[in-house]
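> Below you'll find the structure I mean.
2 protein chains.
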Amino acid sequence: MRIYLAGPDVFLPDAVAMGRRKTALCANYGHVGLYPLDSGIDIAAPDASLDIFRANQAMMDSADAVVANLTPFRGPSADAGTVYELGYMAGRGKLCLGYSNDPEIYADRVRKLNLTSPDTASFDLDGLAVEDFRHADNLMIVHALEDHGGPLIVPREAPADLWHDLTSFEDCLRMLNTMKGHAR
Amino acid sequence: MRIYLAGPDVFLPDAVAMGRRKTALCANYGHVGLYPLDSGIDIAAPDASLDIFRANQAMMDSADAVVANLTPFRGPSADAGTVYELGYMAGRGKLCLGYSNDPEIYADRVRKLNLTSPDTASFDLDGLAVEDFRHADNLMIVHALEDHGGPLIVPREAPADLWHDLTSFEDCLRMLNTMKGHAR
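Line order of the protein sequences matches chains A and B.
Each residue of the first sequence is one higher than the one before, starting from 1 at the first, in the working numbering.
Each residue of the second sequence is one higher than the one before, starting from 1001 at the first, in the working numbering.
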């Protein structure tokens, strides 16, 4: 299977090495990992940003599945680019898997980040309700995975290195292999 | 046209009234606005969260277009649920429009939210690079709109009421009407 490797991993200082680790794990499970950085876009080119979008979209179109790194990124939710890609793959009818290295509940994370109202944890600082179904992130993400692939994988405890631990990523590959033959 | 109204508007204390305002504006432009809260899910039911997902997905499947409220939500990027829905609609080949009531550049917002490293604004507190193509949000979101509908609409200055001002929403409807007959 061709697996699109969505995630903010591309922003890591060792992004290229991370891509190699992820594609090597994919190969171990009999798959081809497609890592966005491997498109070889020159990020200094004038249209780099559009080129990256097009290359990522073409890579997604060529993939059978996505494994998304949904670890919270600069706030209580997953990286926006990764979430967009998860939605795109679900819309295209591809198999969707995802993991987060932070097992905490979304509403609790919002509170810990001091984003809730001083009066009540049910609302944020802008007065908008904090969704609390005891999920790790927004319900659309959590149920999309269940409906279009397999449930979000989270570790029992956050690993020491939130951005480099691939235990839950590997669990996604293992889950994928129990689903082979799954057709939508 | 049937337009899915994606956005964190559903979390507003006056979420129902906001839905009425948005659907009324859609009607003014000759469209039918589909507002997630209108599915009438009982949020106290045991499977409420899954019911909401399924109702939203069915509503999206029944729509021709999405107008997404991409105003930054609890962090530097748009609401994760909304971004998922934008991706899903793009993947399904629907017409995608979106607006943000915050005209600021993503990288500047990350810095103002004190999420950048004390050493350099090019990296965040976790050491991950801050994408800076001078876009309002992640490049996947910005270019997805251009590729699947029309460019992200932002006001010149943030309106006084970030969560209730519908000027840019209405601009999306206006843009949609200049595109009629657009087919993917």
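The beta carbon of each residue, even a glycine, is placed where N, CA and C say it ideally should be.
1. Can you check whether the C-beta of B/Arg-1184 is within less than 8 Å of a C-beta belonging to chain A?
2. Please state whether DSSP places B/Gly-1150 in a helix, a strand or coil.
3. Could you tell me which residues DSSP pairs with A/Gly-98 in its beta bridges?
4. Do you know whose CA, among B/Asp-1047, B/Ala-1045, B/Met-1179, B/Lys-1094, lies nearest B/Val-1066's CA?
5. Looking only at C-alpha atoms, which of B/Thr-1167, B/Asp-1147, B/Ala-1160 sits nearest to B/Val-1154?
6. Could you tell me which chain A residues have their CB closer than 8 Å to the CB of B/Tyr-1088, listed as they occur along the chain?
7. Taking the alpha-carbon of B/Ala-1058 as reference, which of B/Pro-1046, B/Ser-1039, B/Ile-1043, B/Pro-1072 has the nearest alpha-carbon?
8. Shortest alpha-carbon distance to A/Leu-176 belongs to which of A/Gly-33, A/Phe-123, A/Ser-49?
9. Listed from N- to C-terminal order along the chain, which residues in the segment 1037-1060 of chain B have their beta-carbon within a distance smaller than 8 Å of any beta-carbon of chain A?
10. Report yes or no: is there a C-beta of chain A within less than 8 Å of the C-beta of B/Ile-1141?
11. Starting from B/Val-1083, find everything on chain A with Cβ-Cβ shorter than 8 Å and list it in chain order.
12. Does DSSP put A/Ile-141 in a helix, in a strand, or in coil?
13. Could you work out which residues of chain A lie near B/Pro-1118, taking near to mean beta carbons separated by less than 7 Å?
14. What does a CB cutoff of less than 7 Å around A/Pro-8 pick up in its chain, not counting 5 residues either side in sequence?
15. So with CB distances below 9 Å, who are the chain A contacts of B/His-1164?
16. For A/Ala-6, collect the residues of the same chain with a Cβ closer than 6 Å to its Cβ; drop the 5 residues on either side in sequence, then sort them by chain order.
17. How big is the Cα-Cα spacing for B/Glu-1185 and A/Cys-172?
18. In three-state DSSP terms, what is B/Tyr-1106?
19. Please confirm whether B/Gly-1179 and A/Phe-53 have their CB atoms less than 8 Å apart.
20. Grouping DSSP H, G and I as helix and E and B as strand, with all else coil, what is A/Ile-3?
21. Compile a chain-ordered list of the residues in the segment 1092-1108 of chain B whose CB is closer than 7 Å to at least one CB of chain A.
22. Cα separation between B/Gly-1030 and B/Ser-1077?
23. If we ignore side chains and look at the alpha-carbon of each, how far apart do A/Arg-21 and A/Leu-145 end up?
24. With a threshold of 8 Å between beta-carbons, can B/Asn-1195 be considered close to chain A, or not?
25. Return the residue from the list B/Phe-1133, B/His-1148, B/Asn-1056 that minimises the CA-CA distance to A/Ala-48.
26. Return the first residue and the last residue of the beta strand (DSSP E) that B/Leu-1034 is part of.
27. If we define contact as Cβ-Cβ less than 8 Å, is B/Pro-1155 a contact residue for chain A?
Looking at the coordinates:
1. As a working mapping, residue 1184 of chain B is identified with position 184 in the second sequence. Per-residue confidence for B/Arg-1184 stands at a pLDDT of 40, beneath the threshold of 50, marking its modelled position as unreliable; the derived number appears in the next sentence. Output row for B/Arg-1184: interface = no.
2. To locate residue 1150 of chain B, count along the second sequence from 1; it is residue 150. If DSSP states are grouped into helix, strand and coil, B/Gly-1150 belongs with coil.
3. Numbered from 1 along the first sequence, position 98 holds the residue referred to as residue 98 of chain A. DSSP lists A/Ala-68 as partners of A/Gly-98.
4. Locating residue 1066 of chain B in the second sequence gives position 66, where the first residue counts as 1. The shortest Cα separation from B/Val-1066 among B/Asp-1047, B/Ala-1045, B/Met-1179, B/Lys-1094 belongs to B/Lys-1094.
5. For this step, residue 1154 of chain B is matched to residue 154 along the second sequence. Of the listed residues, the one whose Cα sits closest to B/Val-1154 is B/Thr-1167.
6. Reading the second sequence from its first residue, position 88 is the one you call residue 1088 of chain B. Simply Gly-87, Tyr-88, Ala-90, Gly-91, Ala-144.
7. For the purposes of this step, residue 1058 of chain B is taken as residue 58 along the second sequence, with counting starting at 1. Taking only the C-alpha atoms, the option nearest B/Ala-1058 is B/Ser-1039.
8. Along the first sequence, one-based indexing puts residue 176 of chain A at 176. Of A/Gly-33, A/Phe-123, A/Ser-49, the residue nearest in Cα terms is A/Gly-33.
9. Ala-1048, Ser-1049, Leu-1050, Ile-1052, Phe-1053, Arg-1054, Asn-1056, Gln-1057
10. To locate residue 1141 of chain B, count along the second sequence from 1; it is residue 141. By this cut-off, B/Ile-1141 is an interface position.
11. Here residue 1083 of chain B corresponds to residue number 83 of the second sequence, with the count starting at 1. Ordered by position in chain A, the residues that pass the 8 Å Cβ test against B/Val-1083 are Ala-80, Val-83, Tyr-84, Gly-87.
12. Position 141 of the first sequence holds residue 141 of chain A. Note: A/Ile-141 maps to helix in three-state DSSP.
13. As a working mapping, residue 1118 of chain B is identified with position 118 in the second sequence. Going along chain A, no residue has its Cβ under 7 Å from B/Pro-1118, so there is no contact; the nearest lies around 16 Å.
14. As a working note, residue 8 of chain A is residue 8 in the first sequence. Hits under 7 Å: Asn-69, Phe-73, Asp-79, Thr-82.
15. For the purposes of this step, residue 1164 of chain B is taken as residue 164 along the second sequence, with counting starting at 1. Near B/His-1164 there are no residues of chain A at all, since even the closest Cβ is about 11 Å away, more than 9 Å.
16. Taking the first residue of the first sequence as position 1, residue 6 of chain A is located at position 6. Cβ within range, chain order: Val-66, Ala-68, Thr-82, Glu-85.
17. Beyond the ends of chain B as shown, which are 1001 and 1184, falls residue 1185 of chain B; an answer cannot be given.
18. Your numbering for residue 1106 of chain B matches position 106 in the second sequence. Three-state result, B/Tyr-1106: helix.
19. As a first step, residue 1179 of chain B is located in the second sequence; it is residue number 179 there, counting from the start. As a first step, residue 53 of chain A is located in the first sequence; it is residue number 53 there, counting from the start. According to the sequence shown, residue 1179 of chain B is Met rather than Gly. Not in contact: B/Met-1179 and A/Phe-53 (Cβ atoms no closer than 8 Å).
20. Sequence index remark: in the first sequence, residue 3 of chain A carries index 3 (1-based). Here A/Ile-3 sits in strand by DSSP.
21. Arg-1092
22. To locate residue 1030 of chain B, count along the second sequence from 1; it is residue 30. To locate residue 1077 of chain B, count along the second sequence from 1; it is residue 77. Straight-line Cα distance between these residues: approximately 31 Å.
23. Within the first sequence, numbered from 1, the residue matching residue 21 of chain A stands at position 21. Within the first sequence, numbered from 1, the residue matching residue 145 of chain A stands at position 145. In a straight line, the C-alpha of A/Arg-21 is about 23 Å away from that of A/Leu-145.
24. Lying outside 1001 to 1184, the shown extent of chain B, residue 1195 of chain B is not represented and no answer is given.
25. As a first step, residue 48 of chain A must be located in the first sequence, where it is residue number 48. Ranked by Cα distance from A/Ala-48, the options B/Phe-1133, B/His-1148, B/Asn-1056 are led by B/Phe-1133.
26. Position 34 of the second sequence, counting from 1, holds the residue named residue 1034 of chain B. It spans 1032-1034 - the beta strand (DSSP E) in which B/Leu-1034 sits, taken as one unbroken run.
27. On the second sequence, position 155 is the one that residue 1155 of chain B refers to. Judged by the 8 Å Cβ criterion, B/Pro-1155 is not in contact with chain A.
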